[in-house]
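Participant:
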Amino acid sequence: MMKYFKILLLVMLAFASCQNRSGSKQKKIAIIVSTLNNPWFVFLAQTAAARAKTLGYESKIFDSQNNTALETDHFENAIADGYNAILFNPTDANGSVVNVQKAKKAGVPVFCMDREVNSPDATSQIFSDSYSGCVSLAKDFVQTLNKKGNYVELLGLVADNNTWARSKGFHSLVDYYPGLKMVAQQSADFDRNKGLEVMESILQAHPNIDAVFAGNDAMAMGAYQALVAAGKADHVKVFGFDGAEDAIQAIKDKKVSATAMQFPKVIAQTAADDADAYFKGKRDFPKKLPVLVTYDNVNEYIAYGKK
Amino acid sequence: MMKKAVKYILAIILVLFIASNSIYFKKLSDVRASAAKQFDAAKYARNYLITQLIPAADKAPQADDLLVLLKSTPDTAFKMYSHGLDIGNIRFFIVQGQGTVTAVDENDIYIVTKNKQALKIAIEYVFGNALRDAPGLININDFTNTMDLNNIAAEIDKIVRAEVLPPIKSKIKTGDKLTFAGAFELNQEHINLDKIEVIPVVLKIDK
Chain A
18 MMKYFKILLL
28 VMLAFASCQN
38 RSGSKQKKIA
48 IIVSTLNNPW
58 FVFLAQTAAA
68 RAKTLGYESK
78 IFDSQNNTAL
88 ETDHFENAIA
98 DGYNAILFNP
108 TDANGSVVNV
118 QKAKKAGVPV
128 FCMDREVNSP
138 DATSQIFSDS
148 YSGCVSLAKD
158 FVQTLNKKGN
168 YVELLGLVAD
178 NNTWARSKGF
188 HSLVDYYPGL
198 KMVAQQSADF
208 DRNKGLEVME
218 SILQAHPNID
228 AVFAGNDAMA
238 MGAYQALVAA
248 GKADHVKVFG
258 FDGAEDAIQA
268 IKDKKVSATA
278 MQFPKVIAQT
288 AADDADAYFK
298 GKRDFPKKLP
308 VLVTYDNVNE
318 YIAYGKK
Chain B
5 MMKKAVKYIL
15 AIILVLFIAS
25 NSIYFKKLSD
35 VRASAAKQFD
45 AAKYARNYLI
55 TQLIPAADKA
65 PQADDLLVLL
75 KSTPDTAFKM
85 YSHGLDIGNI
95 RFFIVQGQGT
105 VTAVDENDIY
115 IVTKNKQALK
125 IAIEYVFGNA
135 LRDAPGLINI
145 NDFTNTMDLN
155 NIAAEIDKIV
165 RAEVLPPIKS
175 KIKTGDKLTF
185 AGAFELNQEH
195 INLDKIEVIP
205 VVLKIDK
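Just so you know, the protein sequences line up as chains A and B, in that order. Position 52 of the first sequence, counting from 1, maps to 69 under this note's numbering, and the rest follow consecutively. Position 84 of the second sequence, counting from 1, maps to 88 under this note's numbering, and the rest follow consecutively.
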């Protein structure tokens with residue numbers, strides 16, 4: 018009888034210690050971002066990590082280097098290492114879906130930041146309203162060019178929804194003005210160096226342009242460098258998107274005409290707050306939560322929407 | 005020998021059955037047409053304008069009252085009357101009123117209301133989300149595709165540009181009395197009432 022009692026006591030102790038350990042275990046948040054080669058995404062990731070820390074969670078930043086295969090590795094590692102939530106900036110709206118589904122299957126909530134995935138499997142998607150931001154930017158573009166001129170469009174990553182949301186928002190207004198003619202449209206992958214290279218080659222085929230619309234500030238700054246090298250920077254108006262630090266300075270120096278201000282701080286903090294709410298039992302998250310992009314008051318902000 | 009032949013025939017039938025159920029052919033044009041059929045933003049926008057936007061404009065606050073409230077207690081004005089699908093500082097108001105035209109240029113009609121409030125009404129750049137978002141009647145979670153929502157805004161604006169503006173643009177002149185309803189955006193963190201530009205949905209020159 019005593020023997021059975023001892024065994025029962027040991028089993029109870031084992032259960033009690035297990036419960037105690039899991040209750041006190043600190044939750045971990047993985048922050049997986051498309052690239053850390055762009056200061057905008059560095060700011061997004063670091064803001065999310067800082068918020069997670071403030072909320073009392075351990076976090077780690079993973080860089081996918083714009084590579085979906087590497088992104089898949091990060092998801093597998095994060096799930097295997099017992100991360101409890103993933104704050105995710107996807108590389109590819111379609112290619113990243115499989116990773117989100119993998120996490121969902123493992124019971125790990127995924128909160129998308131800034132970029133969308135074409136799937137309802139993400140717990141929530143918080144992103145900039147790029148389309149509306151570019152409609153506002155396009156109005157200034159038309160007014161600056163007095164409704165006529167030749168222009169070039171530099172697109173971002175072709176597989177990213179933001180690329181097309183920005184382009185469509187821009188064209189939804191600009192295309193109403195037949196005097197504005199797009200002479201070239203090419204992708205430069207949201208990358209400054211590629212923006213420079215692509216612009217150099219476009220300028221050889223189309224030397225007489227009046228403006229450049231770039232899908233982000235990094236490409237706009239690359240295009241500006243190419244225009245300086247070609248001796249056309251004084252005449253050609255450059256428009257970007259993001260509200261990045263160097264672009265804001267370039268607007269002040271009258272090198273770049275305009276940019277639209279995104280709010281990565283709001284996006285990152287909302288994603289971390291949502292993960293916290295998830296841990297505390299909340300489940301009814303809005304599937305999509307756009308963050309409005311400001312155009313009119315860019316001068317009242319400093320980089321990345323900080324005041 | 006006979007048994008073997010039956011086996012082969014059965015195996016061939018099985019392979020053909022699996023193959024025929026695994027592969028099917030569709031015309032690319034049919035696939036594109038069915039994808040395009042998924043959401044008709046133009047139809048949605050027309051229906052929204054008739055059944056929701058114009059009735060909401062009919063019940064909207066008067067410009068005189070709203071502008072006074074925005075000047076005196078902006079927090080209350082934003083809380084009571086503004087809407088938006090996005091998170092952030094930009095909010096949208098629906099408004100109606102009457103006024104006297106003080107000037108007309110390529111982009112705007114400038115009016116002064118009965119209580120001497122100055123206001124701009126857009127007649128060139130009728131674009132953006134104001135008419136879609138200001139009444140607060142559309143729920144973002146009803147749409148799985150964000151581009152559908154963008155297309156709704158574009159289609160509402162297109163109707164206004166095609167049907168509301170032309171009869172007014174050709175006739176409007178300084179001194180005319182104007183009845184209007186529409187929507188405008190305002191940044192609640194950086195309130196600048198001078199920048200208000202109403203995107204119209206109703207415009208009528210009073211006789």
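By construction, the Cβ of each residue, glycine as well, lies at the ideal position given by its N, Cα and C atoms. These numbers come from a predicted model, not from an experiment.
Does the beta-carbon of residue 218 of chain A have 16 or more other beta-carbons within 10 angstroms, so that it is buried, or is it exposed?
Facilitator: Exposed, because fewer than 16 other Cβ atoms sit within 10 Å of the Cβ of residue 218 of chain A.
Participant: So with Cβ pairs under 9 Å, would you call residue 97 of chain B a contact of chain A?
Facilitator: Taking Cβ atoms only, chain A never reaches closer than 9 Å to residue 97 of chain B, which makes this a no.
Participant: List the residues of chain A that residue 90 of chain B touches, going by C-beta distances under 7 Å, in chain order.
Facilitator: Under the 7 Å cutoff, chain A gives 146, 307, 308 and 309.
Participant: Using CA atoms only, rank isn't needed, just tell me which of A:246, A:197, A:207 and A:247 is closest to residue 233 of chain A.
Facilitator: That would be A:207, whose Cα lies nearest to the Cα of residue 233 of chain A.
Participant: Report the CB separation of residue 306 of chain A from residue 143 of chain A in whole angstroms; it is logged as a contact under 8 Å.
Facilitator: At roughly 5 Å, the Cβ-Cβ gap stays under 8 Å, so residue 306 of chain A and residue 143 of chain A are in contact.
Participant: For a contact meaning CB atoms closer than 7 Å, what does residue 163 of chain B contact in chain A?
Facilitator: None at all; the shortest Cβ gap to chain A is about 14 Å.
Participant: Would you mind giving the Cβ-Cβ distance between residue 77 of chain B and residue 178 of chain B, rounded to the nearest angstrom? I have them listed as a contact below 8 Å.
Facilitator: Not really, about 33 Å apart at Cβ, beyond 8 Å.
Participant: Given residue 40 of chain A, which residues of its chain have a CB within under 6 Å of its CB, disregarding the five upstream and five downstream residues?
Facilitator: Low per-residue confidence applies at residue 40 of chain A: pLDDT is 44, beneath 50, and the placement is therefore not dependable enough to give any value.
Participant: Thinking C-alpha only, which one of A:220, A:112, A:253 and A:262 is nearest residue 178 of chain A?
Facilitator: The option with the nearest alpha carbon to residue 178 of chain A is A:112.
Participant: Excluding five sequence neighbours on each side, which residues of the same chain lie with their C-beta closer than 7 Å to the C-beta of residue 93 of chain B?
Facilitator: Result list for residue 93 of chain B: 191, 192 and 193, in chain order.
Participant: Return the CA-CA distance between residue 164 of chain B and residue 67 of chain A, expressed in angstroms with no decimal places.
Facilitator: Rounded to whole angstroms, residue 164 of chain B to residue 67 of chain A spans 46 Å at the Cα level.
Participant: Given this structure, state the Cα-to-Cα distance separating residue 38 of chain A from residue 69 of chain A, to the nearest angstrom.
Facilitator: With a pLDDT of 40 at residue 38 of chain A, under the threshold of 50, the modelled position of that residue is not reliable, and the figure given next carries that caveat. Roughly 21 Å separates the two Cα atoms.
Participant: Three Cβ pairs or more, each shorter than 8 Å: is that satisfied between the stretch 72–81 of chain A and the stretch 114–122 of chain A?
Facilitator: No: the two stretches stay apart, fewer than three of their Cβ pairs being nearer than 8 Å.
Participant: When Cβ atoms are compared, which residues of the stretch 124–153 of chain B fall closer than 9 Å to chain A?
Facilitator: If the cut-off is 9 Å between Cβ atoms, the stretch 124–153 of chain B has 129, 131, 132, 133, 144, 145, 147, 148, 149, 150, 151 and 153 near chain A.
Participant: Output yes if chain A places a C-beta closer than 9 Å to the C-beta of residue 157 of chain B; else output no.
Facilitator: Closer than 9 Å to some Cβ of chain A, the Cβ of residue 157 of chain B qualifies, so yes.
Participant: By the criterion of Cβ-Cβ separation under 8 Å, what are the contact partners of residue 133 of chain A in chain B?
Facilitator: What residue 133 of chain A touches in chain B: 150.
Participant: So, helix, strand or coil for residue 78 of chain A, using DSSP?
Facilitator: Of the three classes helix, strand and coil, the one that applies to residue 78 of chain A here is strand, per DSSP.
Participant: Relative to the C-alpha of residue 161 of chain B, which candidate in B:142, B:124 and B:128 has its C-alpha closest?
Facilitator: Closest option to residue 161 of chain B, Cα to Cα, is B:128.
Participant: Would you mind working out which of B:44, B:21, B:8 and B:60 sits nearest residue 205 of chain B, comparing C-alpha positions?
Facilitator: Here the closest residue by C-alpha is B:60.
Participant: Going by DSSP in three states, residue 154 of chain B sits in which element: helix, strand or coil?
Facilitator: Helix.
Participant: Do residue 156 of chain B and residue 49 of chain B have their CB atoms nearer than 9 Å?
Facilitator: For residue 156 of chain B and residue 49 of chain B, yes; Cβs fall inside 9 Å.
Participant: What would DSSP say about residue 114 of chain B, mapped onto helix, strand or coil?
Facilitator: Residue state, collapsed to three classes: strand.
Participant: Just to confirm, are residue 154 of chain B and residue 185 of chain A a CB contact at a threshold of 9 Å?
Facilitator: A contact, by the Cβ cut-off of 9 Å.
Participant: Entirely within the stretch 208–240 of chain A and at least 3 residues each: give me those beta strand (DSSP E) ranges in chain order.
Facilitator: Fully enclosed beta strand (DSSP E) runs of 3 or longer: 228–231.
Participant: Could you spell out the range, first to last residue, of the alpha helix (DSSP H) harbouring residue 160 of chain A?
Facilitator: Counting along the chain, the alpha helix (DSSP H) containing residue 160 of chain A begins and ends at 147–161.
Participant: When the distance is taken between beta carbons, is residue 98 of chain B closer than 9 Å to residue 138 of chain B?
Facilitator: Against a cut-off of 9 Å, the Cβ pair of residue 98 of chain B and residue 138 of chain B comes out as a contact.
Participant: Under 9 Å between C-beta atoms, does residue 280 of chain A make it to chain B?
Facilitator: Yes, residue 280 of chain A lies at the interface with chain B (some Cβ there is under 9 Å from its Cβ).
Participant: Where does residue 91 of chain A sit, in a helix, a strand or coil, going by DSSP?
Facilitator: It is helical.
Participant: What are the residues in the stretch 281–292 of chain A lying within 9 Å of chain B by C-beta distance?
Facilitator: Listed by position along the chain: 283 and 287.
Participant: Can you find a C-beta in chain B that's less than 9 Å from the C-beta of residue 190 of chain A?
Facilitator: So, interface residue.
Participant: Assign residue 191 of chain A to one of three DSSP states: helix, strand, or coil.
Facilitator: Helix, per DSSP.
Participant: Pull up the CB-CB distance for residue 145 of chain A and residue 284 of chain A, whole angstroms please, since I reckon it's below 8 Å.
Facilitator: The pair is a contact, with the Cβ atoms about 7 Å apart (cut-off 8 Å).
Participant: With which residues is residue 104 of chain B paired in a DSSP beta bridge?
Facilitator: DSSP, once it has assigned bridges, lists B:116 and B:181 as partnering residue 104 of chain B.
Participant: Could you check what DSSP says for residue 62 of chain A in three-state terms: helix, strand or coil?
Facilitator: The answer is helix: DSSP assigns residue 62 of chain A an H, G or I state.
Participant: May I ask you to list, following chain order, the residues of the stretch 152–165 of chain A that have a beta carbon less than 9 Å from some beta carbon of chain B?
Facilitator: Those residues of the stretch 152–165 of chain A that come within reach of chain B (Cβ to Cβ, closer than 9 Å) are 152, 153, 155, 156, 159 and 160.
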